[in-house]
Amino acid sequence: AKHQGRNTWCCFAPHMLSDAADRLDIRNGLAQALQRDELLLYYQPQFDLASGRMIGVEALIRWQRPGHGLVSPARFIPVAEECGLIVPIGAWVLRTACRQMAEWRAAGAPHLVVAVNLSALQFGRGNLEQDVRAALEQAGLPAGWLELELTESILLQNPDQVLAIVQRLRKLGVSLSVDDFGTGYSSLAYLKQFAVDKLKIDQSFVRAIDAQPDDTAIVRAIVQMAHSLGLKTIAEGVENTAVLDLLGKLGCDEAQGYHYARPLPAAEALPFILAAQAQ
Ligand code: C2E
Ligand code: CA
Ligand code: CA
Ligand code: CA
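Below you can see the structure in the form of structure tokens.
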């Protein structure tokens, strides 16, 4: 096993070698993926529960790697975070998502928000505020069309530094949500201090909420707490109508998941947006 303390034997298993080789291989390929234009974004629709209207999309990265097919972010984002490539990749995601949303806006999309996932390193090493500003300016997209998703661990990692950046981002007019909420350690004090707009309830609590009384209690508590702090809630991982109905009863504001749509390639997202608008 790998994570052992001092003075313990660390057995060397063949899978560790292949893990390491795997990561090295991903890292080498990823270094060129940006220049070779192998990265792309999919977009998953988000909906308002009360009105049923589409309110936005979450941008989710994919890697079209020659000889490997479409590689999932679960495989390469951790490697990109490890080696620092997440900083230029993150800037590319911001530029691409903003440019795409500006195109859809020009094509007649109603006011929507594009939500972009951020990594901790973008707050540390990168110049996030500059990247966000540049992405909006180059695309000609109003800041109110961009949302940034942060995780609880980003907020807690280096609170003073992150808070300063978050405040400057808010001044630009972008909105902020806390991703995977409930899986980390956020305290109420942090939520208040960071003045985020929305909590994104982690899909592990949502997926089987109709069959799990504990999950129902957790989601109810998150929604109540969020509302009393003036925050909205969005549930991710909504896969069926039973879950959707229960979320509505619990007062959750918004939802996203396979029930509505899987993440869509950009070319399929515009027809989806226009059809949703017409309903
Ligand atoms: P996440 O931000 O929590 O994104 C939600 C994940 O749940 C996505 O997986 C999405 O496809 C999946 N999902 C959505 N609805 C459902 C559902 O109803 N059922 C189930 N089972 N899954 C659902 P995906 O696209 O594979 O992304 C995985 C993770 O990779 C993301 O988790 C996020 O942490 C990271 N990621 C993706 N794109 C980016 C990016 O541009 N930058 C950074 N830093 N991380 C990213
Ligand atoms: Ca997310
Ligand atoms: Ca999430
Ligand atoms: Ca997640």
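If you count the sequence shown from 1, you need to add 443 to reach UniProt numbering. Ideal Cβ placement from N, Cα and C applies to all residues, glycine included.
In the pairwise beta carbon analysis, the segment 664-679 is classified as touching the segment 642-650: at least three pairs are separated by under 8 Å. Taking the C-beta atoms as reference points, ALA704 is found no nearer than 8 Å to LEU687. By the neighbour-count criterion, in which a residue is buried when 16 or more other Cβ atoms sit within 10 angstroms of its Cβ, GLY616 is exposed. With contact defined as three or more Cβ pairs closer than 8 Å, the segment 708-716 and the segment 679-686 are not in contact. TYR633: member of the alpha helix (DSSP H) spanning 631-637, first to last residue. One alpha carbon belongs to ARG518, the other to GLU580, and they sit about 31 Å apart.
Pairing ILE529 with ASP480, the inter-Cα distance amounts to about 15 Å. By the C-beta density criterion, PRO509 is exposed, having fewer than 16 other C-beta atoms within 10 angstroms. With contacts defined as CB atoms closer than 8 Å, LEU484 and GLN543 qualify as a contacting pair. In this structure, ALA476 sits near TRP506, with a CB-CB distance shorter than 8 Å.
VAL621 carries a strand assignment under DSSP once its states are collapsed to helix, strand and coil. Between PHE637 and VAL666, the gap from beta carbon to beta carbon reaches 8 Å or more.
Excluding five sequence positions before and after GLN646, the CB atoms of its chain that fall closer than 6 Å to its own CB belong to GLU679, GLY680, given in chain order.
Every residue whose Cβ sits closer than 7 Å to any heavy atom of ligand 3 is listed here in chain order: ASP622, ASP623, LYS643, ASP645, GLN646, GLU679. Our two residues, ARG496 and ASP696, have alpha carbons roughly 11 Å apart in a direct line. Annotation: the segment 586-619 contains the following complete segments of the beta strand (DSSP E) (minimum length 3 residues), in chain order: 589-594. In the structure shown, ARG538 adopts helical secondary structure according to DSSP, grouped into three states.
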